[in-house]
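Residue numbers (the numbering used here): 29 to 349.
Every residue, glycine too, gets a C-beta built ideally from N, C-alpha and C.
Quick caveat: nothing in here was measured; it's all calculated off a predicted structure.
Only one structure is covered here, and it is reproduced in the block below.
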Amino acid sequence: MAKQTAVINAHYRRLSLGKKITRDFSHNKYKYLMILPVLVYLALFCYKPMYGIQIAFRNFKVTRGIEKSPWVGMYWFEQFFNDPYFWRLLRNTFLISGLQIVFGFPAPIVLALMLNEVRNNRFKRTVQTITYMPYFISLVVLCSLVKIYTQQNGLVSEIVEFFGGTRQNWLQDPKYYRLIYIVSDIWQSIGWNSIIYLAALSAIDMEQYEAARIDGANRFQQMLHVTLPGILPTIVILFILRMGSILNVGYEKTLLLYQPTTYEVADLFSTYTYRISLGATAGQPQYSLSTAVSLFNTIVNVVFLLLTNFLSRRTTDSSLF
């Protein structure tokens, strides 16, 4: 049997690439048909738009089109790096994204671990439902709630005054903007993001817990030495993916929350791109500059993705590729 398999493999290696593809398709045609819609989607909406990347290297005019617009090379990147707003945008984007990673990324893991220790199923389902609900609230509604809660006569001021503080409009104070942004983000997404960790927890072999109990491990030690290692591959993969979008801080929420008094701490790459693409800064749309900023954003994200994946592969057994 082993000799026959070796002969078949040797024959397969001698085939040309076209014959290999034809042979694989004939043996797995239904599998290829299943992934065909995904491939079409990727081709139309992910790869075809990449043709427009060259706008970042041209002085793009809508009336001329991409091909007839003059090539200017790295001009728009130089303009962006010399922009007085560049360092402010870089600082704010990294700070808010970093705070989301430091506080927002572990939050659903902690919630999943806590729910995993609950033995009362009714209480567990109630907590899950309550934590899931904010995720389904429209972002506009959520930001409106945040504005209402943080105004001078809102809920936050009521609580602060109860403990001896003074009332104020918290969202207009630059010192508290990032705190409000991160807390509201965790509140909205913690329940939904915990689902994948709860699924990973359900796949852990219960015999490992029994062995740990026999060895004298208490509940905390079981969580530390059985539960966490069991979901570590899931945590690592999601962390790599999160690092791959480190500069992708959503502009929608920022546009709905920030005000002139908080521009200094709230303005991001995404909001800057939004403004210049609509002509809010120069009086006319700057498509080439906005494309250059978006391309820079993407390159930084890819670098962080590759670096995090490389470090993960070197230090753990989990990586994307």
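Beta carbon of Ser15, beta carbon of Ile265: below 9 Å? Only positions 29 to 349 of the chain appear in the structure, and residue 15 is not among them; the question remains open.
I think Ser316 touches Asn87, with their Cβ atoms under 8 Å apart; what is that distance to the nearest whole Å? In the sequence shown, the residue the question calls residue 316 occupies position 288. In the sequence shown, the residue the question calls residue 87 occupies position 59. Rounded, the Cβ-Cβ distance is 6 Å, consistent with contact.
Excluding the 5 residues preceding and the 5 following Asn329 in the sequence, name in chain order all residues of the same chain whose CB lies nearer than 8 Å to its CB. Within the sequence shown, the letter at position 301 stands for residue 329. Once the five neighbours on either side are set aside, the close Cβ partners of Asn329 are Gly272, Ser273, Ile274, Leu275 and Asn276.
CB-CB length for Val174 against Ile208, believed under 8 Å: Residue 174 sits at position 146 when you count from the first residue of the sequence shown. Residue 208 sits at position 180 when you count from the first residue of the sequence shown. The pair is a contact, with the Cβ atoms about 6 Å apart (cut-off 8 Å).
Are Ala320 and Trp115 closer than 9 Å when you measure CB to CB? As a first step, residue 320 must be located in the sequence shown, where it is residue number 292. As a first step, residue 115 must be located in the sequence shown, where it is residue number 87. No; because the gap between Cβ atoms is not below 9 Å, this pair is not in contact.
Is any non-hydrogen atom of the ligand NAP found closer than 8 Å to the C-beta of Asn181, if you look at the structure I gave you? The ligand NAP is not part of the structure shown, which contains no ligands of any sort.
If you count every other CB in all the chains shown that lies within 10 Å of the CB of Pro136, and 16 or more means buried, which is it? Taking the first residue of the sequence shown as position 1, residue 136 is located at position 108. It counts as buried.
Note down, one range per segment and in chain order, each alpha helix (DSSP H) of at least 4 residues found wholly within the stretch 86–127. 93–96, 103–109 and 114–127
I need the straight-line Cα distance from Thr282 to Ile165, nearest angstrom please. Within the sequence shown, residue 282 is the residue found at index 254, counting from 1. Within the sequence shown, residue 165 is the residue found at index 137, counting from 1. Spanning the two alpha carbons is a distance of roughly 17 Å.
Hey, Gln107 and Ile94: beta-carbon distance below 9 Å or not? For the purposes of this step, residue 107 is identified with residue 79 of the sequence shown, where counting begins at 1. For the purposes of this step, residue 94 is identified with residue 66 of the sequence shown, where counting begins at 1. Not in contact: Gln107 and Ile94 (Cβ atoms no closer than 9 Å).
DSSP on Ser346, reduced to helix/strand/coil? By 1-based counting over the sequence shown, the position of residue 346 is 318. Coil, per DSSP.
Determine the closest residue to Lys294 out of Leu139, Lys203 and Glu235, with distance taken between C-alpha atoms. For this step, residue 294 is matched to residue 266 along the sequence shown. A small correction: the amino acid at residue 294 is Ala; Lys does not occupy that position in the sequence shown. It is Lys203 whose Cα lies nearest to the Cα of Ala294.
Near Leu141, which residues of its chain fall below 7 Å by C-beta distance, leaving aside the five closest residues on each side in sequence? Within the sequence shown, the letter at position 113 stands for residue 141. Closer than 7 Å at Cβ, skipping near neighbours: Met251 and Thr255.
Ends of the alpha helix (DSSP H) at Trp198? The sequence position of residue 198 within the sequence shown is 170, counting from 1. Unbroken run through Trp198: none, as it is neither H nor E.
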